[in-house]
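The next block holds one structure in the form of C-alpha cells; read it before the comments.
There are 2 protein chains.
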Amino acid sequence: MPTDALSRVFAALADPTRRDIVARLAVADATVNQLAEPYRMSVQAVYKHLRVLEEAGLVSRPPGPQPRPVRLEAGAFDLLEEWIERYRRRAEERYRRLDRVLAAMDQAGEHAGEHDEHEERQP
Amino acid sequence: MPTDALSRVFAALADPTRRDIVARLAVADATVNQLAEPYRMSVQAVYKHLRVLEEAGLVSRPPGPQPRPVRLEAGAFDLLEEWIERYRRRAEERYRRLDRVLAAMDQAGEHAGEHDEHEERQP
DNA sequence: GTTCCTTTAAACCAATTGGTTTAAACAAGA
DNA sequence: TCTTGTTTAAACCAATTGGTTTAAAGGAAC
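Respectively, the protein sequence lines represent chains A and B.
Residue 1189 is where the first sequence starts when you use this note's numbering, and the numbers rise one by one after that.
Residue 1189 is where the second sequence starts when you use this note's numbering, and the numbers rise one by one after that.
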C-alpha cells in the first residue's frame, strides 16, 4: 500500500476484469450489483476490485442513498498519459535519430559500424 | 503467462524499477550491467525485470556481440495510449454532459433531481 | 422493529511476484 | 585452451493478489 500513485494506477489496470469495469463505467455510472452481474465471481470480489480502482483514483463512490453509484474519475488517466507521452516521445525521437545514423552508415560503407552508439552525444 | 497483451503491458509498468528502466532506456540504449548498476539488487533480478518488459513488448534485445544492448520498443506504448484515450475521452464527454444536466437541474429547482441519470439515453 | 438489500470485514487459499543464492551454459579475449 | 564476463536457469522465500466463504454492520422500506 505504500506504493506510489503511478504504480497503483498501472497495477489497477493490469487486471482484465478491472479494465472491463472501467470500460463499462466510461459509458455510464453503475451500481456495484449492476457491475457484478455479468461476471461469474462473487459480489464481494467486485467490491475488492472496486477498492483497488478507488485507491488508484480511477473511480469514486460519491456518498448518497443506498445503492451508491460508481463513477469513473477521468483525472487519473492524465497521470498515465503524462508518463507514457514523456517516454514514448523520447523513444521515437531516438528512433528517428538512429534511422538517420543507420542511413548515413549505410551509404558510407559498413567498416566503421559498430555498436557503440549508446553513448549519447546529442546537445 | 496466458494473460492478454494489454494486461502484460500494464503489469510490466506497475513496478517502479521497471518504469525507471524504461525511463533510462528512453534516453539511451544500455547493457544489462549498466542498467543494474544504480540499483541495490542483484543483476539476476534485473534480468528478471527485463524479461517481464520483453514479454510485454516494451523492450527488445537485438542479438549481437556479447554485452547485448537493451532497446526500448516504442510500439507497445501505442497499445496503452489507444486504450487509455478511448475511455478517457468517453469519461470526459460524460462529465461535460453531466455538467449540463446538473446546471439545468440547478436552475429548474431541485425537486425532480434524483440519481437515476445513469440510464443512458444519448443518441 | 424487522426484514431485506448493500456494504465492509475477516479468515483462508492457491497462484503470482520480486527478490535471493547457487549453478550452469555461452561467448570472447588472452 | 583457459579464463573472464555475460546470460539463463533453478530452487527457494516472503509478500501480494484474486478469489472464496462466512459474518457482521448500515440503511431503507415496510
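The beta-carbon is built from N, C-alpha and C at its ideal position, and this holds for glycine as well.
Environment of residue i [buried if 16+ CB atoms lie within 10 Å]
i, result
"A/Pro-1250", "exposed"
"A/Pro-1257", "buried"
"A/Val-1231", "exposed"
"A/Thr-1205", "exposed"
"B/Asp-1304", "Low confidence applies to B/Asp-1304: its pLDDT is 30, below 50, so where it sits in the model is not reliable, and the reading given next is rough at best. Flag for B/Asp-1304 reads exposed."
"B/Gly-1297", "Its pLDDT being 43, under 50, B/Gly-1297 is placed unreliably in this model, and the coordinates cannot settle the point."
"A/Arg-1322", "Examination of residue 1322 of chain A is not possible in this model, given that chain A is present from 1189 through 1311 alone."
"A/Arg-1276", "buried"
Contacts that residue i makes with chain B (C-beta to C-beta distance below 9 Å)
i, result
"A/Pro-1204", "Thr-1191, Asp-1192, Leu-1194 and Ser-1195"
Residue closest to residue i, alpha-carbon to alpha-carbon, out of the options
i, options, result
"B/Phe-1265", "A/Trp-1271, A/Tyr-1227, A/Pro-1226 and A/Asp-1192", "A/Trp-1271"
"B/Thr-1234", "B/Ala-1216, B/Arg-1207 and B/Pro-1253", "Correcting the residue type first, residue 1234 of chain B is Val in the shown sequence and not Thr. Looking at the Cα atoms, B/Arg-1207 is the closest of the given residues."
"B/Arg-1282", "A/Ile-1209, A/Ala-1193, A/Asp-1217 and A/Thr-1205", "A/Asp-1217"
"B/Val-1319", "B/Pro-1204, B/Leu-1194 and B/Val-1247", "A query on residue 1319 of chain B cannot be resolved here, the shown segment of chain B reaching from 1189 to 1311 and no further."
"A/Asp-1203", "A/Asp-1192, A/Leu-1267 and A/Ala-1244", "A/Ala-1244"
"B/Arg-1278", "A/Asp-1192, A/Ala-1211, A/Thr-1191 and A/Ser-1195", "A/Ala-1211"
"A/Arg-1259", "A/Thr-1191, A/Ala-1214 and A/Pro-1226", "A/Ala-1214"
"A/Pro-1255", "A/Leu-1223, A/Glu-1269, A/Glu-1280 and A/Tyr-1227", "A/Leu-1223"
"A/Ser-1195", "A/Glu-1280, A/Leu-1268 and A/Arg-1284", "A/Leu-1268"
Amino acids of chain A, ordered along the chain, whose beta-carbon sits closer than 7 Å to that of residue i
i, result
"B/Glu-1270", "The contacting residues do not exist; B/Glu-1270 stays about 11 Å from chain A at best."
Chain A contact residues for residue i, given Cβ-Cβ distances below 8 Å
i, result
"B/Glu-1280", "Ala-1262"
Under 7 Å from the C-beta of residue i: neighbouring residues of chain B
i, result
"A/Arg-1276", "Ala-1262 and Phe-1265"
Mind checking the segment 1197-1226 of chain B against chain A and listing, in chain order, the residues whose C-beta falls within less than 9 Å of any C-beta there?
-> Along the segment 1197-1226 of chain B, the positions whose C-beta sits under 9 Å from a C-beta of chain A are Val-1197, Phe-1198, Ala-1199, Ala-1200, Leu-1201, Ala-1202, Asp-1203, Pro-1204, Arg-1207, Val-1210, Ala-1211, Leu-1213, Ala-1214, Val-1215, Ala-1216, Asp-1217, Ala-1218, Thr-1219 and Gln-1222, read in chain order.
Pairing CB atoms from the segment 1234-1246 of chain B with CB atoms from the segment 1194-1212 of chain B, are three or more of them under 8 Å?
-> Touching, yes, given that three or more Cβ pairs across the two stretches are closer than 8 Å.
Cβ-based contacts, 9 Å cut-off: residues of the segment 1226-1245 of chain A near chain B | Residues of the segment 1226-1245 of chain A with a Cβ closer than 9 Å to any Cβ of chain B: none.
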